[in-house]
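In this text, residue positions in the sequence shown follow my numbering: the first is -17, and each later residue adds one. From the three backbone atoms N, C-alpha and C, an ideal C-beta is built for every residue, glycine too. Keep in mind the model is a prediction, meaning the values are calculated, not measured.
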Amino acid sequence: MSIPSTAHCSIEPYRWMVRSMARPDGIQFNRRMKRPVRVPTLHLHGSLDPAVRTRSSAGSGQYVEAPYRWRLFDGVGHFPHEEDPIAFSTELINWLKDPEPDR
């Protein structure tokens, strides 16, 4: 985080969630977050992600009521698209080409 204010900006979404809990926009956000996802979803996760645990990530499909595909990238952290762009792109393109993504 060598760019000034990067750390401040990177946690702004979390600040917003706390500040907005009682405001109309926060209440609306919380209601919407409780609804299941109803569009095809590709979920790519790095096994070394320090921010989101693999076990938590692997269970995310329970919130999706549409075709859902979850893939774990071994040896990759929180930014798989930067850390292994070829594997990431391959997985994304294959998913987009698939007329019937798995559930």
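C-alpha distance - residue i paired with residue j, whole-angstrom precision
i	j	result
Leu74	Leu24	8 angstroms
Pro6	Lys16	16 angstroms
Trp52	Ser(-13)	33 angstroms
Pro(-5)	Thr36	22 angstroms
Close-in-space but distant-in-sequence residues of the same chain around residue i (CB under 6 angstroms, 5 per side omitted)
i	result
Gly8	Ser2
Arg13	none
Arg20	Glu47 and Ala48
Reduced DSSP category for residue i - H, G, I as helix; E, B as strand; rest coil
i	result
Gly41	coil
Arg17	coil
His63	helix
Val0	helix
Ala33	coil
Ser(-13)	coil
Ile(-7)	coil
Residue j beta carbon less than 8 angstroms from that of residue i
i	j	result
Met55	Ala40	Strictly speaking, residue 55 in this sequence is Phe, with Met absent from that position. Not in contact: Phe55 and Ala40 (Cβ atoms no closer than 8 angstroms).
Ala33	His60	yes
Val58	Ser38	no
Pro22	Pro83	yes
Counterpart residues of residue i in DSSP-defined beta bridges
i	result
Thr23	Tyr50
Gly28	Phe55
Any chain D beta carbon closer than 8 angstroms to residue i
i	result
Pro(-14)	Going by chain labels, chain D is absent from the structure shown, which holds only one protein chain.
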